[in-house]
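Below you'll find the structure, written out as structure tokens, and then a few comments.
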Amino acid sequence: MKYNPDVSSSRRKNRKAHFSAPSSVRRKIMSSSLSKELRAKYNTRSLPIRKDDEVRILRGKYKGREGKVTQVYRKKWVIHVDRVQRDKSNGATSPIGIHPSKVVITTIKLDKDRRAILDRKDRSKTAQPAATEDVEIVDVSDHS
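The sequence shown begins at 22 in my numbering and counts up one residue at a time.
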């Protein structure tokens with residue numbers, strides 16, 4: 022069911038918007054979920070991934086591997102994790118690209134901006150004010 026008439030539900034237009042998205046939008050799309058411990062600590066499910074986060078790979082050939090993110094390659098929609106690489110025939114190594122949705126963040130690189138994002142996304146803060154506020158319902162139809 023389509024609720025907003027200004028948003029297209031055309032597969033063709035959605036794919037075009039996705040694959041021609043600017044870097045600022047790709048950052049948001051390239052988010053990873055947090056580990057259970059971090060999820061409990063920060064009350065947040067996911068975060069846009071960044072360099073120096075530590076991740077655990079959940080899917081594919083390298084499942085179970087852990088490492089630090091060495092590069093977030095927005096143009097190719099992948100991240101590079103240290104020690105997840107393959108040896109080429111000429112002896113050089115090249116990093117393997119992994120999609121951020123297939124990893125879980127185990128350690129967050131915290132700085133001022135990242136802390137602000139976590140504070141803003143904290144679900145416990147946003148859920149509590151509505152529950153603790155007392156609302157009085159007054160019936161106005163009888164006072165005519």
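We treat Cβ as the ideally placed atom computed from N, Cα and C, and that holds for glycine.
These figures come from a predicted structure and were not determined experimentally.
(Q) Just verifying my parser: in three-state terms, what is the DSSP assignment at Lys-72? (A) The answer is coil: DSSP assigns Lys-72 none of H, G, I, E or B.
Q) For Leu-139, which of Glu-157, Leu-79, Arg-104 and Lys-62 has the nearest alpha-carbon? A) Put simply, of Glu-157, Leu-79, Arg-104 and Lys-62 the residue whose alpha carbon is nearest the alpha carbon of Leu-139 is Lys-62.
Q. For Arg-107, which residues does DSSP report across the bridge?
A. Note: Arg-107 sits in a beta bridge opposite Ser-115.
Q: Could you have a look at Ile-78 and say whether DSSP puts it in helix, strand or coil?
A: Annotated three-state conformation of Ile-78 is strand, per DSSP.
(Q) On the criterion of 16 or more Cβ atoms from any shown chain inside 10 Å, does His-101 qualify as buried, or is it exposed? (A) Result: buried.
Q. What is the C-beta distance between Val-90 and Val-76, in whole angstroms, given that I count them as a contact (C-beta under 8 Å)?
A. About 6 Å separates the two Cβ atoms, so the contact holds.
Q: Please report the residue range of the alpha helix (DSSP H) in which Tyr-94 lies.
A: Per DSSP, Tyr-94 belongs to no alpha helix (DSSP H); it is in the beta strand (DSSP E), 87-94.
**Q.** Cβ contact check for the segment 40-60 and the segment 106-117: 3 or more pairs under 8 Å
**A.** Touching, no.
Q: Using the Cα positions of Tyr-24 and Ser-31, report the straight-line distance between them to the nearest angstrom.
A: So the two alpha carbons sit approximately 14 Å from each other.
Q. Thinking C-beta only, is Asp-74 closer than 8 Å to Lys-130?
A. Yes; because the gap between Cβ atoms is below 8 Å, this pair is in contact.
Q | Distance, Gly-81 Cα to Arg-36 Cα | A | Straight-line Cα distance between these residues: approximately 24 Å.
Q: Run the CB neighbour count on Thr-166, radius 10 Å, all protein chains shown included, and call it buried at 16 or more, exposed below.
A: Lying outside 22 to 165, the shown extent of the chain, residue 166 is not represented and no answer is given.
Q: For the alpha helix (DSSP H) containing Ser-53, list its first residue and its last residue.
A: Not the alpha helix (DSSP H): Ser-53 falls in the beta strand (DSSP E), residues 52-55.
Q: Taking 8 Å as the cut-off, decide whether the C-beta atoms of Ile-119 and Ile-70 are in contact.
A: Not a contact, by the Cβ cut-off of 8 Å.
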